[in-house]
Structure formats: structure tokens, C-alpha cells
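Numbering (the numbering used here), first residue to last: 1 to 337.
In C-alpha cells form, the structure reads like this:
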């Protein structure tokens with residue numbers, strides 16, 4: 001009797017463990033993040049979107065090797081540092097394996113509502129993606145990295161011209177094809193000691209070495225090795241940095257209205273039918289954009305401090321509301337379900 005009970009207990013435990021492993025593997029393989037540019041739910045932002053208020057004004061690059069496993073090839077050398085300055089235009093600088101670029105701005109970045117800046121690469125497709133970590137600094141010397149996730153399989157190396165699934169990637173620059181920026185929200189770093197998210201003066205981009213060999217590879221925020229096209233033993237090795245566009249800076253941020261002391265609010269959020277925007281002074285105006293930067297609604301000069309609009313015909317997913325209120329400019333992010 002005892003042996004039978006013990007056998008059954010062991011058998012049940014084995015079934016539970018096996019089921020748990022299967023569930024874990026299925027969960028790991030499920031795509032869970034935003035899809036490529038142009039698809040419903042994507043967070044990609046077009047380079048011509050009017051939500052950008054400035055672009056990087058200076059860039060300093062530290063090149064990495066063409067192939068970190070064969071340093072005799074030398075460092076990547078495609079493009080000039082200045083290629084990453086100004087609006088995204090497919091003129092790039094290649095960082096090489098583990099290389100980095102520090103970008104500076106005329107006006108410090110700040111933490112506003114939703115995304116605060118976006119990083120552009122020059123991929124020619126939604127699947128050939130070269131990735132990079134993103135870090136920020138408020139003093140120019142100490143940099144803090146955004147937590148990232150890569151759920152790409154690590155059993156087999158993605159080869160030089162291999163492909164990735166964007167829905168398995170999060171908070172890694174290069175997630176989207178050229179012309180579309182990967183956005184980042186400074187709110188995620190609000191608990192970082194020695195970082196002032198209301199005074200970001202520099203953004204650092206660090207190439208992900210996509211090797212699954214632990215001797216060379218890079219790891220995401222969960223400790224997973226990141227698999228991306230590798231090796232790339234060319235002059236244009238590694239992440240090809242195009243630009244960094246700013247959404248919120250000290251001249252364009254969330255503000256309380258000086259006259260009434262009321263915060264501008266868009267509700268409900270998420271919204272399915274009617275959106276109510278309150279707090280805009282009469283004479284102010286707002287424009288609603290989709291993630292490609294196309295305007296889907298323009299209010300003209302508002303007559304009252306409360307405006308209601310139907311969003312039923314607007315694209316589903318993330319929308320941005322650009323508000324001009326007196327001398328203040330503000331951007332809100334809403335989700336249309």
C-alpha cells in the first residue's frame with residue numbers, strides 16, 4: 001500500500017512538473033509585445049510625426065569591432081558621428097559589436113505623459129532587426145539603462161542575414177524598420193538613484209552583441225542572452241544609428257495651466273467611444289495623431305474648456321493628442337480599444 005501511494009505521488013509530481021515545463025515553454029514562445037510598424041497595437045513612431053519637438057544636436061561614437069570574435073578585422077567604420085544628428089533620414093553611423101554612441105540635445109529631455117523620445121535605426125524590413133540598449137543620463141557621466149526583454153529563442157544562432165520577430169522584443173532600439181522610431185518612457189526609470197528624469201542631457205545607445213555564445217553575447221534585463229543577426233563582419237557592423245527624436249523636453253512638457261491651475265485631462269483612457277478633453281483654454285487647439293504621425297482629427301480653436309469627440313472612426317491602438325494651449329505645448333497618449 002505504501003509503495004503504491006509513493007508511486008502515485010511521484011507520478012503525480014512528474015505530471016505536474018512536466019505540465020509546468022510545457023506551460024513555461026509555451027509561455028516563453030508566445031509573442032507578447034508590440035508588433036511591427038503599421039500594425040494594430042504597434043508603438044512605432046514615424047520620423048515625420050509632428051510629436052517630435054527636437055532631435056539630437058551632437059553625437060560622440062565609440063566604435064566596436066566588426067566581429068568581436070575576430071578582432072583582427074578591426075572596428076566598424078561606416079558613417080560619421082554627425083550622421084546621427086538631426087532628423088532621421090537613413091544617413092547612419094554603424095556602432096560595431098558592443099560599440100556605443102552618446103547623443104546630446106539643445107534642451108534637456110523631461111519625463112512627460114507617455115513616451116518621451118524615440119530611437120531610429122535603418123532596417124530595410126520588419127524582420128531584419130539589429131538591436132541596441134538605451135541609456136540616459138542627467139549629469140553626463142552616470143548612465144541608467146532601460147530594462148529590456150528578448151524572448152527570441154537562444155538554441156540556434158540567428159545568422160548574419162537572419163530575421164527576428166518584433167513581438168518578442170521590448171525596450172530595445174532597432175525593434176522597428178527604418179523610418180520608424182522605437183519609443184522610450186522615462187517614467188520607467190523614476191526610481192533610479194542619481195538620475196533626474198526631469199533633466200536628461202544625454203542618451204547613450206549601446207550595440208547588442210547578438211551572439212548566443214556567453215563569451216561574447218549581451219543579456220536583457222531578465223538575464224536572457226539576446227539573439228540577433230550575428231556575426232556582421234562588415235564596415236557597417238552592428239547597430240546602425242540614424243537619429244534620436246525628442247517628444248518631451250523642458251520647453252514642451254506637461255504643465256498646469258497658469259490661469260486656472262487645472263491639469264489638462266483626456267478621459268476615459270483607454271477609450272472606446274467618446275473622449276472628453278478638459279482644461280484647454282478657449283482659443284487653444286489640439287490635434288490627434290496615430291502612430292505613423294498622420295493627423296486623424298484637428299479641433300481648430302476650442303470654444304469651451306471641455307470638448308467631447310467621437311473616436312469610433314479613429315485607428316485602434318495608441319494615439320497622441322498634441323495640445324497647443326496659449327504658449328504651452330503638451331502631448332498626451334491615449335489608447336483606443
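Virtual Cβ for every residue (Gly too), placed ideally from N, Cα, C. All values derive from a computational prediction rather than experimental measurement.
| Check | Outcome |
| --- | --- |
| Assigned exposure category for residue 308 - 16 Cβ within 10 Å defines buried | exposed |
| Beta-carbon spacing of residue 129, residue 95 below 9 Å | no |
| Three-state class that DSSP yields for residue 333 in the structure shown | strand |
| Nonlocal neighbours in the same chain, by C-beta distance under 6 Å from residue 211, ignoring five residues either side | 217 and 230 |
| Which of helix, strand or coil DSSP assigns to residue 278 | strand |
| Neighbourhood of residue 195 by C-beta, 8 Å cutoff - its chain only, sequence neighbours within 5 removed | 136, 137, 138, 142, 144 and 189 |
| Cβ contact check for the segment 36-47 and the segment 59-76: 3 or more pairs under 8 Å | no |
| Meets three-Cβ-pair contact criterion under 8 Å: the segment 82-99 and the segment 259-278 | no |
| Three-state class that DSSP yields for residue 84 in the structure shown | helix |
| Local conformation of residue 188 per DSSP, three classes | helix |
| Candidates 51, 155 and 275, of which the one nearest residue 225 by Cα | 155 |
| Exposure of residue 48, with buried meaning 16 or more beta-carbon neighbours within 10 Å | exposed |
| In chain order, each beta strand (DSSP E) run of at least 3 residues that lies wholly inside the segment 88-114 | 100-109 |
| Of the listed residues 251, 223, 43 and 282, nearest to residue 118 (C-alpha basis) | 43 |
| Spatial neighbours of residue 79 in its chain, beta-carbon cut-off 6 Å, leaving aside the 5 residues before and after | 92, 93 and 94 |
| Cβ shell of residue 159 (< 8 Å), same chain only, five flanking positions each side left out | 229 and 230 |
| Sequence-distant residues of the same chain with beta carbon closer than 8 Å to residue 152, five excluded per side | 158, 164, 165, 168, 169, 226, 227 and 228 |
| Check whether residue 413 and residue 109 have beta carbons under 9 Å apart | Because the chain is modelled from 1 through 337, residue 413 falls outside the range shown and cannot be assessed. |
| Reference residue 206, options 40, 335, 45 and 219, closest by Cα | 219 |
| Chain D contact for residue 153 (CB, 9 Å cutoff) | The structure shown contains no chain D; it holds only a single protein chain. |
| Residue(s) in a DSSP beta bridge with residue 117 | 184 and 246 |
| 9 Å Cβ cutoff met for residue 56 and residue 244 | yes |
| Neighbour-count burial assignment, residue 232, 16 or more Cβ in a 10 Å radius | buried |
| Assumed close pair residue 172, residue 208 - CB separation to whole angstroms, cut-off 8 Å | 7 Å |
| Residues near residue 90 in its chain [Cβ-Cβ closer than 7 Å; skip 5 each side] | 122, 178 and 242 |
| Alpha carbon of residue 187 to alpha carbon of residue 64, nearest angstrom | 30 Å |
| Inter-residue Cα distance where the pair is residue 60 and residue 74 | 19 Å |
| Under 9 Å between C-beta atoms of residue 319 and residue 335 | yes |
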